[in-house]
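Chains as they are written, first to last, in this note's numbering: chain A, 1 to 218; chain B, 219 to 436.
Yeah, the Cβ is synthetic: ideal placement off N, Cα and C, and Gly gets one too.
Quick notes on the structure that follows.
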DNA sequence: CTTGATTTCAAACAAACGTTTGCTATAATC
DNA sequence: GATTATAGCAAACGTTTGTTTGAAATCAAG
């Protein structure tokens, strides 16, 4: 069998992959068991070994799938900038795209898996990280460098960290934040509000916008 | 036996606690085994059950110990502010204390354990989180509220997130960052530099300092 | 020395883990 | 129809997991 045309149920490989994504995201690599993954996919225990080889290879494939899902399904691709696009505009775009992806209009389980990997990267996933995350980091660094061509590398790095730190916070610490403040209060911070805030906060810090002052600074 | 005066080797309970802190920090709750913990502490397998009851109780105790270690051993307690201390100064102090703690002058394993818990909080640790983290979050919120008394709650929350997001980034994503940029480049960002940057970035965003402009904004 | 409580220890426990094994079907090829 | 590769299955594999056990060791008090 070479190819199959859109069956009612997904192909076994894909079913396994999606089940693995959920289980790994919820429990982590060690705590997620191949038995539960197969049960969720309604398949036999041996299916993982047959389709992917072993648990770790399945994990890596699920991690790749999660990255591609988060990148594509967000509905927010990085724009292709004209040669004369102002760096400030690039920064605005960058923040918008990244925050949109973090706020998970797509399956949130994919992002849970990614954030889990960011917090405790498994050695086996190094190449996946390099392939999917590094380009986004370099893109930001280049924008900052374009904004401040004469800044020293350390300052460029720290400015980038300030931007990405603000963005990642909403994903990485959502659970803890919801535990401390009310869950409703956190959910009131919808996508547009967060984009607007981080953009404003960042541009103001860099002197490219008016400071954040609800009614005039003290 | 009621009390014992400073033996050459630590008391068994303390030995177990420190070993558990390291193992849990490196591998997480599930992957860390009681056998490895006991081996590290040079104790028998049954010691955990005898001294703490079970693995989960040991984990909670290790988590508490990690919090207290990070709070006290950093050498940076929160200052007690005079009644007329300017909110801007409080914010400066807050950032300094928190960044100092994140940059782990004390045992870094304690912080690894805490960051792991922030990323994926275990339900059993809720009260520990509430007791140790919530006060720090409220303290920041109060400072922001003092700076902008008429700001709406959402904006106060987001400003706080921008501050704490910048701070936490250096701990939570250190491994990934070192993987993408060189490890030396990241280590070149020493404590004072990071404190200065985050403080400057934040105060500039809030209109309480000059913008960050290496040589004059474009 | 004897007593009695506190700690340590090797050994074993059942349960869950990832993986492997043969044995069936099923589908395509000759 | 016979043959070959693919796919799925129940069952069992050997480890490792957290936990428990009962006896040995330790030690202060009588």
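- For residue 266 of chain B, the enclosing alpha helix (DSSP H) has its first and last residue at 264-270.
- At least one CB of chain B lies nearer than 8 Å to the CB of residue 158 of chain A.
- Residue 252 of chain B is outside the set of residues whose beta carbon lies under 8 Å from a beta carbon in chain A.
- Less than 8 Å divides the Cβ of residue 129 of chain A from the Cβ of residue 394 of chain B.
- The beta carbon of residue 313 of chain B is closer than 6 Å to those of 416 and 417 in its chain, skipping five residues each way along the sequence.
- Excluding five sequence positions before and after residue 306 of chain B, the CB atoms of its chain that fall closer than 6 Å to its own CB belong to 426, given in chain order.
- In terms of beta-carbon proximity, residue 154 of chain A lines the interface with chain B, with at least one pair separated by less than 8 Å.
- Taken through DSSP and simplified to helix, strand or coil, residue 236 of chain B comes out as helix.
- Note on residue 298 of chain B: under 16 other CB atoms within 10 angstroms of its CB, so exposed under the neighbour-count rule.
- Take residue 278 of chain B, set aside five residues on each side of it, and the residues of its chain with a beta-carbon closer than 8 Å to its own are 342, 343 and 346, in chain order.
- Of the candidates A/50, A/185, A/57 and A/22, A/22 places its Cα closest to the Cα of residue 108 of chain A.
- DSSP, read as helix, strand or coil, puts residue 294 of chain B in coil.
- Under the three-state reduction of DSSP output, residue 86 of chain A falls in the coil class, being neither helix nor strand.
- Shown here, residue 424 of chain B sits in coil according to DSSP, grouped into three states, outside any helix or strand.
- Here residue 371 of chain B is not near residue 205 of chain A, since their CB atoms are 8 Å or more apart.
- In this structure residue 117 of chain A is buried. Its beta-carbon is surrounded by 16 or more other beta-carbon atoms within 10 angstroms.
- If you compare the alpha carbons of A/78, A/40 and A/174 with that of residue 135 of chain A, the shortest gap goes to A/78.
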